[in-house]
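Visitor:
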């Protein structure tokens with residue numbers, strides 16, 4: 099399980115460190131993909147990515163809808179691992195999608211990690227705070 103929020107500088111090669119406590123859970127490698135419906139980069143442990151992929155394959159969608167969702171999910175995904183200093187290289191396409199500049203906010207999101215731009219994360223926090231009690235009262 100991934101918890102917490104961390105702010106890191108993105109280096110000139112587009113690499114960002116992951117928190118040391120996250121690295122232990124990601125030692126087998128990671129899959130980077132677009133955050134579906136959100137302007138962030140989702141970082142999945144290999145096992146969690148397989149679970150997401152399997153669930154997609156088992157969905158009730160068929161034909162063109164399933165193909166489109168599969169392309170969206172897998173077409174933006176990149177297998178990678180972190181280097182000796184605990185950094186992962188952010189592909190340019192994902193970095194542009196998430197609008198991550200010189201700083202990335204690394205957020206634990208239970209079974210995955212998310213990478214946000216500073217502005218995107220502030221907006222997400224504001225929305226979550228405004229809607230949090232409504233979500234809880236309506237049922238999780």
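In my numbering, the protein residues as written are 99 to 238.
Beta carbons are placed, not taken as given, at the ideal position from N, Cα and C, and that holds for glycine.
Note that the structure is predicted; figures quoted are calculated from it, not measured.
1. Between the Cα of residue 99 and the Cα atoms of 184, 106, 107, 212, which residue gives the shortest distance?
2. Nearest-angstrom Cα distance between residue 190 and residue 136?
3. Would you mind sorting residue 118 into buried or exposed? The rule is 16 or more other CB atoms within 10 Å of its CB.
4. State the DSSP-derived secondary structure class of residue 123, mapped to helix, strand or coil.
5. Roughly how many angstroms separate the alpha carbons of residue 195 and residue 104, rounded to a whole number?
6. Based on DSSP bridge pairs, tell me the residues matched to residue 177.
7. If we call anything under 8 Å between Cβ atoms a contact, is residue 114 one with residue 188?
8. To the nearest angstrom, how far is it from the Cα of residue 184 to the Cα of residue 124?
9. Can residue 106 and residue 202 be called in contact, C-beta distance under 8 Å?
10. Quick check: what's the CA-CA separation for residue 218 versus residue 156?
11. Does the contact criterion of 3 or more C-beta pairs under 8 Å hold for the region 174-182 versus the region 124-133?
Guide: The relevant details are as follows:
1. 212
2. 17 Å
3. exposed
4. helix
5. 20 Å
6. 129
7. yes
8. 10 Å
9. yes
10. 32 Å
11. yes
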